[in-house]
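J.: According to this note's numbering, the sequence shown holds residues 85 to 355 in order.
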Amino acid sequence: MANLPSVEELLSAGAHFGHQAQRWNPKMKPYILAKKNDIYVINLDKTIKMLEEAGKVAARISGEGKSVLFVGTKPTARAIVEEAAKKTNHFFVSNRWLGGMLTNFQTVRKSIKQIDKIDQMEADGLFKELSKKEVLDKTRLREKMLGVFGGIREMTTLPGLVVVTDLHHEHIAVAEARRLHIPIIGICDTNVDPTLVDYPVPANDDAVKSIKLVVDYIANNVTARTEVAKNADAEAAVKKYDDAPAPRKRFNKPRKPAAKAEEKSETAEEK
């Protein structure tokens, strides 16, 4: 286990500062120490206790060979989740959470394959056979898709754990993970519902230093994915997500009332 941050370190990072009293969520009451100048103060002793539990969960799940997805699309969290994911060889979403990233993962995998195809075209020298406009269009498409899917490009199966830096800002990610019963570790400020995540960590979710302390501790407990694990994930997922059969086409039968109306019209014309 990595070393837990001390109360002094959390204080220095501003992890104890919550939101204004009128913005609080009553379900955060067990984690609030006091109210000062109309701002709730988070109990850092409980922060440390729950952060330690979250670290153990991250160690256990990643130790089983499952992947971890770090989510932080706010400007204050982007660089932090990217660094945590790259350091552990896991995954991240830092620019925009596209609806269906988890619940419609098969479609996401197909979108990622488009990036691979464009890369392969360029590597094979096929760009030389295209017009400048076509090359520009494909390059722009690749850059746009990398901005959304770059952090999960190699994620061939659903993650075993999702780490969220802000429950309000990442509410779609939280909802999708809950729907799929994927465990969630979440930083919980005084304005959120901590029952939405499996492992809440009460702390300031706006201050960069606070977010970094929490995410870094969790990342330091995550078992890095090895090449063996990555290859195993890929083999298990290719058939399920990349080669899934296309949905059957539906052919609508003509509506009977419309057919009858035509018959009546023809009869009227004959008369």
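Don't be surprised by glycine CBs; every beta carbon is placed ideally from N, CA and C.
#1: Pairing CB atoms from the stretch 208 to 217 with CB atoms from the stretch 152 to 159, are three or more of them under 8 Å?
#2: Applying the criterion that 16 or more other CB atoms from any shown protein chain within 10 Å of the CB defines a buried residue, is residue 89 buried or exposed?
#3: Using the beta-carbon count (16 or more within 10 Å), is residue 242 buried or exposed?
#4: Rounded to whole angstroms, what is the Cα-Cα separation between residue 239 and residue 247?
#5: Determine, using beta carbons only, whether residue 125 and residue 100 come nearer to each other than 8 Å.
#6: So if DSSP puts residue 104 in a beta bridge, which residue, or which two residues, is it bridged to?
#7: Count the other C-beta atoms from every protein chain shown that fall within 10 angstroms of the C-beta of residue 237, then say buried if there are 16 or more, exposed otherwise.
#8: Please state the DSSP three-state secondary structure of residue 155.
#9: Does DSSP classify residue 128 as helix, strand or coil?
#10: If you pair each beta-carbon of the stretch 128 to 138 with each one of the stretch 213 to 224, do three or more pairs fall below 8 Å?
#11: Does the structure place the stretch 108 to 119 close enough to the stretch 267 to 283 that three or more beta carbon pairs sit under 8 Å?
#12: When we look at the beta-carbon of residue 301 and count the other beta-carbons within 10 Å, is it buried (16 or more) or exposed?
#13: Is residue 306 helix, strand or coil when you go by DSSP?
#14: Between which two residues does the alpha helix (DSSP H) carrying residue 189 extend?
T.: The short version:
#1: Flag = no, the stretch 208 to 217 and the stretch 152 to 159 do not touch.
#2: Position 5 of the sequence shown, counted from the start, is the residue given in the question as residue 89. Its Cβ being crowded by 16 or more others within 10 Å, residue 89 is buried.
#3: On the sequence shown, residue 242 is found 158 positions in, with the first residue counted as 1. By the neighbour-count rule (16 or more Cβ atoms within 10 Å), residue 242 is buried.
#4: The sequence position of residue 239 within the sequence shown is 155, counting from 1. The sequence position of residue 247 within the sequence shown is 163, counting from 1. Approximately 15 Å, taken between the alpha carbons.
#5: Residue 125 sits at position 41 when you count from the first residue of the sequence shown. Residue 100 sits at position 16 when you count from the first residue of the sequence shown. The answer is yes: Cβ separation under 8 Å.
#6: Walking along the sequence shown from the start, residue 104 turns up at place 20. Residue 104 is bridged to 123.
#7: Locating residue 237 in the sequence shown gives position 153, where the first residue counts as 1. By the neighbour-count rule (16 or more Cβ atoms within 10 Å), residue 237 is not buried but exposed.
#8: Along the sequence shown, read from residue 1 onward, the residue named residue 155 stands at position 71. Here residue 155 sits in strand by DSSP.
#9: Taking the sequence shown and counting its residues from 1, one reaches residue 128 at position 44. Residue 128: helix per DSSP, three-state reduction.
#10: No, the stretch 128 to 138 does not touch the stretch 213 to 224.
#11: yes
#12: As a first step, residue 301 is located in the sequence shown; it is residue number 217 there, counting from the start. Result: buried.
#13: Numbered from its first residue, the sequence shown carries residue 306 at position 222. Three-state DSSP puts residue 306 in coil, outside helix and strand.
#14: As a working note, residue 189 is residue 105 in the sequence shown. Taken as a continuous stretch (DSSP letters only), the alpha helix (DSSP H) holding residue 189 covers 189 to 207.
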